[in-house]
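Enquirer: Here it is, the structure in full.
Chains as they are written, first to last, in my numbering: chain A, 15 to 163; chain B, -11 to 175.
This is the structure in structure tokens:
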């Protein structure tokens, strides 16, 4: 995972913009990515007869001086029933700009990246599940000014 | 002649009885109708209290959350204060000044120590986030804009309300038939 931070004009004023590249390996079908489901039975099979799709998202969670809790979705994917449940993505760039609300990314030592998903059934309850195995990432203390993204 | 007179009086009485009975039955049916309407309202208000949402059941109106939700799907919402807003959740919100609620997913949140939260949303099927939909100058949504969080859903069933909205004649026909059915039904 490589990260650099650039000062960038965001929605308004200048805020920190973070760049993260990441690899994702997840084995959703066999539950190796950990499960805390609502049902607690059939925990090994996420894609059962009532699951239409999973909405997967990689989110970064961190704290700054301005805000006690920040969560930013960096990447998402819709996995339909029948799609390959094994993910092996390398060197992915984030889909969405990782703007902070202010300048809290510089020198921030603890950005936690977690993979979660929303189970969309054919009909019924819509649970949000967090995968196990999150990663902690620090951002450097300085800004980069080269626009190498 | 006396017998004829007696028979005439009896038949008049009988007619009166019939008229009176019909009126009573009519009042009874009207009261019945009123009870049904009140019970429905009570159930709706009860749902509002239990879920904490002003509109605990909503119909999906657009295709911006496909393939998860389609136009006509029914969503069940809760809006309890104890449930914090987190990314990945599906929220139903209203933009100030507009009455149509929008169903999208939370993309970013920034929450302060005291619980004040501002967040950004995006429809799964949209290429960009919702900033373009918000009010002029508004960059974030807040708790007060939220109608509820989607906790469960049932497909297709809401199509009836969409039809009733788009074709008012259909709505009147449905209401008329319902009213007729209740008034005529003996129960």
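Just so it is clear, CB atoms sit at the ideal spot from N, CA and C, and this is done for glycine as well.
1) Please state if the CB of residue 114 of chain B and the CB of residue 41 of chain B are separated by a distance shorter than 8 Å.
2) Between A:117, A:70, A:79, A:137, which has its C-alpha nearest residue 97 of chain A's C-alpha?
3) What residue range does the beta strand (DSSP E) around residue 47 of chain B cover?
4) Do you know how far the Cα of residue 91 of chain A is from the Cα of residue 103 of chain A?
5) Determine the chain A residues that contact residue 154 of chain B at a beta-carbon separation under 9 Å, and present them in chain order.
6) Can you say whether residue 163 of chain A is buried or exposed, counting buried as having 16 or more other CB atoms within 10 angstroms of its CB?
7) Could you name each continuous beta strand (DSSP E) segment of 3 residues or more that falls completely within the stretch 85 to 156 of chain A, going from the start of the chain to the end?
8) State the beta-bridge partners of residue 151 of chain B as determined by DSSP.
9) Put residue 13 of chain B into one of helix, strand or coil per three-state DSSP.
10) Helix, strand or coil for residue 66 of chain B? Go by DSSP, reduced to three states.
11) Given a cut-off of 8 Å on the beta-carbon distance, is the pair residue 138 of chain B and residue 140 of chain A in contact?
12) Given the structure, does residue 46 of chain B come close to the ligand GDP, in the sense that its CB is under 7 Å from one of the ligand's heavy atoms?
13) Going by DSSP in three states, residue 119 of chain B sits in which element: helix, strand or coil?
14) How many Å lie between residue 61 of chain B and residue 80 of chain B at the Cα?
15) Is DSSP giving residue 140 of chain B helix, strand or coil here?
16) Measuring only the C-alpha atoms, how far is residue 65 of chain A from residue 133 of chain A?
17) Measure the CB-CB distance between residue 109 of chain A and residue 131 of chain A and report whether it falls below 8 Å.
18) Which one or two residues does DSSP pair with residue 74 of chain A in a beta bridge?
19) Do the stretch 141 to 149 of chain B and the stretch 122 to 129 of chain B touch if we need at least three Cβ pairs shorter than 8 Å?
20) Starting from residue 141 of chain B, find everything on chain A with Cβ-Cβ shorter than 9 Å and list it in chain order.
21) Excluding the 5 residues flanking residue 59 of chain B on each side, which residues of the same chain have their C-beta closer than 7 Å to its C-beta?
22) Check whether the Cβ of residue 56 of chain B lies closer than 8 Å to any Cβ atom in chain A.
23) Name, please, each residue of chain B whose Cβ falls closer than 8 Å to the Cβ of residue 71 of chain A.
24) Can you give me the C-alpha to C-alpha distance between residue 95 of chain B and residue 123 of chain A, rounded to a whole angstrom?
25) How many angstroms separate the CA atom of residue 89 of chain B from the CA atom of residue 64 of chain B?
26) If you compare alpha carbons, which of B:26, B:83, B:118 is closest to residue 131 of chain B?
27) What first and last residue would you give for the beta strand (DSSP E) that runs through residue 92 of chain B?
28) Please look up how many angstroms separate the CB atoms of residue 125 of chain A and residue 151 of chain A, rounded, as I've assumed it's under 8 Å.
29) How long is the line joining the alpha carbons of residue 163 of chain B and residue 145 of chain A, rounded to whole angstroms?
30) In this structure, does DSSP put residue 169 of chain B in helix, strand or coil?
31) Beta-carbon of residue 87 of chain A versus every beta-carbon of chain B: anything under 8 Å?
32) Counting only C-beta atoms, is residue 83 of chain A closer than 8 Å to chain B at any point?
Expert: If we stick to the structure as given:
1) Going by C-beta atoms, residue 41 of chain B is not nearer than 8 Å to residue 114 of chain B.
2) It is A:70 whose Cα lies nearest to the Cα of residue 97 of chain A.
3) The continuous beta strand (DSSP E) containing residue 47 of chain B extends over residues 45 to 47.
4) For residue 103 of chain A and residue 91 of chain A, the gap between their C-alpha atoms comes out near 12 Å.
5) By Cβ distance, chain A contributes nothing, its closest Cβ being about 24 Å from residue 154 of chain B, past 9 Å.
6) Low confidence applies here, because residue 163 of chain A scores a pLDDT of 45, under 50, leaving its location unreliable; read the following figure in that light. Residue burial annotation: residue 163 of chain A is exposed, with fewer than 16 other C-beta atoms found within 10 angstroms of its C-beta.
7) 100 to 107, 125 to 135, 142 to 144, 149 to 151, all fully within the stretch 85 to 156 of chain A.
8) Within the DSSP secondary-structure output, residue 151 of chain B pairs in no beta bridge.
9) Here residue 13 of chain B sits in helix by DSSP.
10) Residue 66 of chain B falls in the strand class under three-state DSSP.
11) In this structure, residue 140 of chain A lies closer than 8 Å to residue 138 of chain B by Cβ.
12) Ligands in the displayed structure: none, and consequently the ligand GDP is not present.
13) Helix.
14) Residue 61 of chain B and residue 80 of chain B have their alpha carbons spaced roughly 13 Å apart.
15) Secondary structure of residue 140 of chain B (DSSP, three-state): strand.
16) Residue 65 of chain A and residue 133 of chain A: Cα-Cα distance of roughly 7 Å.
17) Result no, Cβ atoms of residue 109 of chain A and residue 131 of chain A do not sit closer than 8 Å.
18) DSSP lists A:86, A:127 as partners of residue 74 of chain A.
19) Taking 8 Å as the limit for Cβ pairs, the verdict is that the stretch 122 to 129 of chain B does not touch the stretch 141 to 149 of chain B.
20) Near residue 141 of chain B (Cβ distances below 9 Å), the residues of chain A are 134, 135, 137, 138, 139, 140.
21) Cβ neighbours of residue 59 of chain B beyond the five flanking positions: 48, 49, 50, 51, 150.
22) So yes, residue 56 of chain B belongs to the interface.
23) Think of a sphere of 8 Å around the beta carbon of residue 71 of chain A: the chain B residues whose beta carbon falls inside it are 75, 76, in chain order.
24) C-alpha separation (whole angstroms): 22 Å.
25) Looking at the two C-alpha atoms, the distance is approximately 14 Å.
26) Closest by C-alpha distance to residue 131 of chain B, out of B:26, B:83, B:118, is B:83.
27) Per DSSP, the unbroken beta strand (DSSP E) holding residue 92 of chain B starts and ends at 90 to 99.
28) Right, their Cβ atoms sit about 5 Å apart.
29) If you take the alpha carbons of residue 163 of chain B and residue 145 of chain A, they lie about 48 Å apart.
30) In the three-state scheme derived from DSSP, where H, G and I count as helix and E and B as strand, residue 169 of chain B is classed as helix.
31) Residue 87 of chain A counts as touching chain B.
32) Chain B contact via Cβ: present.
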